[in-house]
Structures are given as structure tokens and as C-alpha cells.
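Engineer: Numbering (my numbering), first residue to last: 1078 to 1399. Ideal Cβ placement from N, Cα and C applies to all residues, glycine included.
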Amino acid sequence: MSVGVAVRRCLSLKKNGAANGTLCLVPRCAEGIYCVVNFSSDRIAMRHNAPDSLASLLAARYGTTTACPIPANDTLNGLLSHRSVRAFSATPLAEGTLELLVAAAQSASTSSNLQTWSVVAVEDPQRKERLSVLANNQDFVRSCPLFLVWIADLSRLQTLGLKREKPHESLEFLEMLLMATIDATLAAQNAAVAAESLGLGVVYVGAIRNHADQVARELGLPAKSFATFGMCVGHPDTARPAAIKPRLPQTAVLHRETYDDGVIHDTIEGYNATMDDFYRQQNMKPLGPWDLHSLNRVRGVDALQGRERLVEILKAFGFGLR
Ligand SMILES: Cc1cc2nc3c(=O)[nH]c(=O)nc-3n(C[C@H](O)[C@H](O)[C@H](O)COP(=O)(O)O)c2cc1C
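#1: Measure the beta-carbon distance from residue 1228 to residue 1195 and round it to whole angstroms, keeping in mind my assumption that it falls under 8 Å.
#2: Between which two residues does the alpha helix (DSSP H) harbouring residue 1328 extend?
#3: According to the neighbour-count rule (16 or more other Cβ atoms, all chains shown, within 10 Å of its Cβ), is residue 1180 buried or exposed?
#4: From the DSSP output, in three-state form, read off residue 1336 for me.
#5: Of all the options 1388, 1224 and 1215, which has the alpha carbon lying nearest to the alpha carbon of residue 1311?
#6: Quick one: using the 10 Å Cβ neighbour count with 16 as the cut-off for buried, is residue 1394 buried or exposed?
#7: When DSSP labels each residue in this structure, what does residue 1303 get in the three-state scheme?
#8: Go to residue 1228, then tell me how far its beta strand (DSSP E) extends in each direction, as first and last residue.
#9: Which residues count as close to ligand 1 when the rule is a CB under 5 Å from any of its heavy atoms, in chain order?
#10: What are the residues that DSSP puts in a beta bridge with residue 1313?
#11: Within 10 Å of its beta-carbon, does residue 1205 have 16 or more other beta-carbons around it, so buried, or fewer, so exposed?
#12: Quick one: residues in its chain with C-beta nearer than 7 Å to the C-beta of residue 1118, no 5 flanking neighbours on either side, listed in chain order?
#13: Enumerated in chain order, which unbroken segments of the beta strand (DSSP E) with a length of 3 residues or greater are wholly contained in the region 1237-1275?
#14: Confirm, please, whether the CB-CB distance from residue 1280 to residue 1161 is below 7 Å.
#15: Please say whether residue 1208 and residue 1218 have beta carbons closer to each other than 7 Å?
#16: Check the DSSP bridge columns for residue 1319 and list the partner residues they point to.
#17: From the DSSP secondary-structure annotation, give me the bridge partner or partners of residue 1308.
#18: According to DSSP, is residue 1210 helix, strand or coil?
#19: Using the DSSP secondary-structure output, state which residues sit across from residue 1406 in a beta bridge.
#20: On the three-state DSSP scale, how would you describe residue 1355?
#21: For the structure I just gave you, are there three or more beta carbon pairs, one from the region 1328-1335 and one from the region 1232-1251, closer than 8 Å?
#22: Which residues in the same chain have their Cβ closer than 7 Å to the Cβ of residue 1253, if we skip the five residues on either side of it in sequence?
#23: Please specify which runs of the alpha helix (DSSP H), each continuous and at least 4 residues long, are wholly inside the region 1352-1394, giving them in chain order.
#24: Short of 6 Å in beta carbon distance, which residues of its chain neighbour residue 1199, apart from the five on each side in sequence? Order them along the chain.
#25: Roughly how many angstroms lie between the CA atoms of residue 1358 and residue 1382, to the nearest whole one?
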């Protein structure tokens, strides 16, 4: 929807009698832009990526009007405003940003306080270029000022075990790799939330697993460590804003007391339509119905883009996977 069309829609909402003084929000009226009519001042204001009520954020997240009796706060606004940013401006990050993001990451819960993760911060343009090529040639890996690579890291405990001459056989089990991956993911998400709270944009980059062995070499990773995913961090390019992407309705993911595996049949058509609408509003080529598009991603070995070799690669990295 163009901004002009959104403005007309706002005006017609006004004509249809919304109370004076209320802000009327049309979510996703243009990419990253929220169109707000302030009836008290009779003005239309374009707000850029700054939706400010839970109702409007929930509307954008689910593509439908959703009531919420709980008042908004900055944390909820930040979480519900998330959108992956794939276009960055040339503005460098403020000094101390990296360290603050890592402090946020280290503040996440961590299994048994084992802290089985690390992060490699890549800022060198040439290294980013090489990583970009390894990660499916995704351009934002080059263009972001900071590329964080989140490592599931059992190497520290192995080093300590050897130093203390203590057994550390549990490190050979799949459970420990899962634990380290979960820890790394929680840490990364904390950093993402922190970055977004600073007005920065992020996008995760799982494509570094397409060439996990070459990425490990590029970063000089020790045995028993694995680069789970990358994360671009930078100032969003305001000329190419990102929008909130709708998710499945809660009925599809929220099960009460026990799991209901039939519910997806009732929800999928509605979500396919919501996503179709979303891509059209973004002037993006429709990917086809969400379910078919998603199924295409899991169709078989050829869709794994090199990640089908992960068991073998992880074993070569020193993970026992027992
Ligand atoms: C672990 C992980 C890996 C991802 N890898 C990529 C990637 O390689 N390239 C990309 O463009 N987006 C990647 N994404 C971003 C997802 O595509 C995105 O989160 C999803 O489409 C939902 O959109 P949103 O984040 O804007 O809400 C990744 C997300 C996660 C959580």
C-alpha cells in the first residue's frame, strides 16, 4: 500500500467517527511506516518505525486487530517491534556498543552457569567479504559494520579439564552440544534485543553453516567449538526500512495443557493470506503460499545447501555427538 493510499484510509477512518483526540494507526501502511491520524489536531503524521501501542504492534505482528488489556512498556514495545534489518547505513557504531551488547549477551541465563558460548566480532571488511561469500553471498554481511558470530563453545571446558587433569567425558555427548547451542542462542537474542533498544538493526545469518568448516577456519575456531549463526548489526538504512513480519496466529503455536496437532489445519489458510498480503504491501515478489514456501525449504538434501554435512563436520571439529 502506498503512503497516499494509507493517508486516504486514515482520513476515511476519521470520517467514520473515531473519538476526537485519539490516535488512529494503520499498521504496515507502507514499508516500516505507520500512518497516524491525530484527530484532535486534525493532522496526519507519518511515523517511521515508531508504533507506540501494544494493540498496533500486535496488529502488525498478526496481520489482524488484536486487543490487549496490558499496558505497553519499553521492553514490550521493543520486542514486538522486531524486524530483521538487511540494509544498513554507513554510520559507524558508537564506541562501546560491542562491549555493551556482549554484556547484555552475558546477562542471559546459561545452563548451570557453564557459559558454553563465545562470540567472534568481525569488523575487518576483508574478513566480512569472505564470510559474506561463504554465507550464500548475502550482501548485508559485507555492508554491516559489525558481524557477530555466535559460537557453541565446549572448548573452554575441555581446556580447563586438561589443565586440571579432570575427566570431562560428558563433553562427548550430543546433550552438551545442544546445551552450548541453546546458551549461544539465548546470549545472541539478548544482544539482538539490546541492539534494537539502541535503535540498531540486526539480522541473524544461519547461512554461515552452509560452509561450516571454512567459516571455522576463517575465524580460527578451536576444536569443540562451532559457529552456530552470525548476526549483522548496524544502523538501519532509513531509505530501505524493514517492516514487522506477521507470525502464525497464536492458536497455531500456543497449546494449553496438552498439544493439539489438528489446529494447524484451521489456521494455515488464514496465515497464507496474511503473508501474501504482507509481501504485496512490501512490493516484494510473492513467494507463494507460506506453507508451500516453507515446505520447499525442507524438501530434501539439496535444500540444505551444504548443511547436510554437519554431522561429519561436527565430528571433525571434535564433537563426540554420542
Ligand atoms: C538462526 C537464524 C538464522 C537466520 N538466517 C538468515 C539468513 O541467513 N539470511 C536472512 O536473510 N535471514 C536470516 N534469518 C532471519 C529470518 O529470515 C527472519 O527472522 C524471519 O524471516 C522472520 O522475519 P523477522 O525477523 O523480520 O521478523 C535467520 C533467523 C534466524 C533466527
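Structural biologist: From the atom records:
#1: On the sequence shown, position 151 is the one that residue 1228 refers to. On the sequence shown, position 118 is the one that residue 1195 refers to. Correct: roughly 4 Å between the Cβ atoms.
#2: Looking up residue 1328 in the sequence shown gives position 251. Looking at the DSSP string, the run of the alpha helix (DSSP H) that includes residue 1328 is 1327-1330.
#3: Stepping through the sequence shown from its first residue, residue 1180 is reached at position 103. Exposed, since its Cβ has fewer than 16 Cβ neighbours within 10 Å.
#4: As a first step, residue 1336 must be located in the sequence shown, where it is residue number 259. Here residue 1336 sits in coil by DSSP.
#5: Counting from 1 along the sequence shown, the entry for residue 1311 is found at position 234. Among 1388, 1224 and 1215, the Cα nearest to that of residue 1311 belongs to 1224.
#6: The sequence position of residue 1394 within the sequence shown is 317, counting from 1. Buried, because 16 or more other Cβ atoms sit within 10 Å of the Cβ of residue 1394.
#7: For the purposes of this step, residue 1303 is taken as the residue at position 226 of the sequence shown. Strand at residue 1303.
#8: Here residue 1228 refers to the residue found at position 151 of the sequence shown. Taken as a continuous stretch (DSSP letters only), the beta strand (DSSP E) holding residue 1228 covers 1223-1230.
#9: 1160, 1161, 1281, 1282, 1283, 1284, 1306 and 1322
#10: The count along the sequence shown starts at 1 and reaches residue 1313 at position 236. The partner list for residue 1313 (beta bridge, DSSP) reads 1165.
#11: The sequence position of residue 1205 within the sequence shown is 128, counting from 1. Buried, by the Cβ-count rule.
#12: Numbered from 1 along the sequence shown, position 41 holds the residue referred to as residue 1118. For residue 1118, the predicted structure reports a pLDDT of 42, less than 50, and the residue's modelled location is therefore unreliable. A value from the coordinates is still provided. Nothing listed; no residue qualifies.
#13: none
#14: Working through the sequence shown from its first residue, we reach residue 1161 at position 84. Working through the sequence shown from its first residue, we reach residue 1280 at position 203. Yes; because the gap between Cβ atoms is below 7 Å, this pair is in contact.
#15: Within the sequence shown, residue 1218 is the residue found at index 141, counting from 1. Within the sequence shown, residue 1208 is the residue found at index 131, counting from 1. Closer than 7 Å, so yes.
#16: If you number the sequence shown from 1, residue 1319 lands on position 242. Per DSSP, none; premise fails for residue 1319.
#17: By one-based count along the sequence shown, residue 1308 stands at place 231. Answer by DSSP bridge pairing, in chain order: 1225 and 1281.
#18: If you number the sequence shown from 1, residue 1210 lands on position 133. The answer is helix: DSSP assigns residue 1210 an H, G or I state.
#19: Limits of the chain in this structure are 1078 at one end and 1399 at the other, which puts residue 1406 out of reach.
#20: Along the sequence shown, one-based indexing puts residue 1355 at 278. Here residue 1355 sits in helix by DSSP.
#21: no
#22: In the sequence shown, the residue the question calls residue 1253 occupies position 176. 1231 and 1247.
#23: 1367-1374 and 1387-1393
#24: Translated into the one-based positions of the sequence shown, residue 1199 becomes position 122. Result list for residue 1199: 1205 and 1224, in chain order.
#25: Within the sequence shown, the letter at position 281 stands for residue 1358. Within the sequence shown, the letter at position 305 stands for residue 1382. Using only the alpha carbons, I get a separation of about 30 Å.
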